[in-house]
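Novice: Numbering (our numbering), first residue to last: 743 to 988. Note that the Cβ used here is the ideal one computed from N, Cα and C, for glycine as well. Please see the structure below; I have some questions.
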Amino acid sequence: MSKGYAVVTGAGRSIGAALARQLGKEGYDVLINYSSSSQKAEEVAQSISQDFGVKAVTFKASVEDYNQVKEMRDFAVETFGEKMVVLVNNAGIMNRKKFVDMEPDEYARVIGVDLFGTLNCCNLFVPLMIKQNFGRVITIASTAGLRGSIDQSDYCAAKGAQIAFTRAVALEWGQYNITANVIAPGFIMTEGTAELGPQLEARIRSQSPLGQVGSVDDMAQALSYLINSDIMTGQTISPNCGVFMF
Ligand code: NAP
């Protein structure tokens with residue numbers, strides 16, 4: 743019998759793709775959301791179905807747009823039914839600019855995707871979890887939401903707000919056996935971060951007492967722990983190689 747299904751936003755590549763694969767490996771059907779990585783998302787879905795024998799489908803939606811998320815929710819229910827078990831709010835973008843040099847539409851876009859995306863998905867998908875009296879919501883924030891990070895003020899604001907939001911909804915949803923937690927990673931090697939060049943990676947390694955940077959597999963392990971725990975809620979765990987301690 744199916745364990746139910748999971749929705750992962752921004753799952754066509756990088757961290758989101760690894761999280762979607764982990765969910766497939768654990769026996770969930772998976773809806774892979776993407777906004778532009780159409781071909782990669784199809785490849786991720788195909789590999790999950792082939793490797794783990796679950797159903798994996800893709801859906802294009804920009805998470806900051808409530809109506810598009812609503813269409814995605816309706817598609818999920820048509821495709822998989824109402825047994826929605828896991829929501830992973832992974833989609834995220836950032837600017838790299840001094841705050842006073844940003845145009846309002848630039849910071850609105852970061853807040854839109856990173857924060858409103860999370861709010862929109864929770865608002866539309868969690869009612870399915872409430873109906874069945876069970877669910878797991880995991881939001882991918884960042885160490886940038888726990889401390890300052892230069893040239894990323896809008897991103898810090900969005901990521902810090904995701905953490906505050908999660909604590910609040912964990913209080914609201916506990917009565918329905920729904921847990922809400924955050925993974926706030928430090929530097930994780932992905933296609934995107936590799937493009938930032940070897941100097942950045944070397945700098946982060948030098949700040950780690952372990953001399954390491956994180957991988958998408960470390961994120962998948964953190965996800966697995968949180969979705970399989972009945973007692974973790976309202977928490978933030980931070981796979982960051984010891985670069986930041988709180
Ligand atoms: P990435 O490689 O830049 O990928 C970003 C993902 O977000 C892509 O799948 C992208 O989908 C999706 N996305 C962007 N705008 C979207 C929108 N409007 N609607 C739906 N999806 C959208 O990023 P990543 O490194 O994997 O990061 C994933 C998450 O981890 C983000 O929330 C990020 O803030 C967080 N994080 C990453 C690191 C790190 O070191 N990598 C560190 C801390 C936190 P498309 O390709 O389809 O557009």
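Looking at the ligand NAP, does it come within less than 6 angstroms of Asn862, judged from the CB to the closest heavy atom?
Specialist: no
Novice: For Ala850, verify whether its CB is less than 6 angstroms away from any heavy atom of the ligand NAP.
Specialist: no
Novice: Can you name, in chain order, every residue of its own chain whose Cβ lies under 6 angstroms from the Cβ of Tyr849, other than the five neighbours on each side?
Specialist: Asp896, listed in sequence order.
Novice: Give the range of the beta strand (DSSP E) segment to which Phe801 is assigned.
Specialist: Looking at the DSSP string, the run of the beta strand (DSSP E) that includes Phe801 is 798-802.
Novice: Confirm, please, whether the CB-CB distance from Leu829 to Cys863 is below 7 angstroms.
Specialist: yes
Novice: Suppose contacts are defined by Cβ-Cβ distances below 7 angstroms. Is Phe876 in contact with Asn919 by that definition?
Specialist: yes
Novice: As a quick exercise: from Val819, Arg851, Gln941, Gly902, pick the residue whose alpha carbon is nearest that of Pro927.
Specialist: Gly902
Novice: Quick one: what's got a C-beta closer than 8 angstroms to Gly752's C-beta in the same chain, skipping five residues either side?
Specialist: So the qualifying residues of the chain are Gly758, Asn775, Tyr776, Ser777, Val805, Asn832, Ala833, Gly834.
Novice: With 16 other CB atoms within 10 Å as the buried threshold, where does Gly887 fall?
Specialist: buried
Novice: Report the rounded CA-to-CA distance for Ala962 versus Ala944, giving the unit in angstroms.
Specialist: The straight-line gap separating the alpha-carbon atoms of Ala962 and Ala944 is approximately 23 angstroms.
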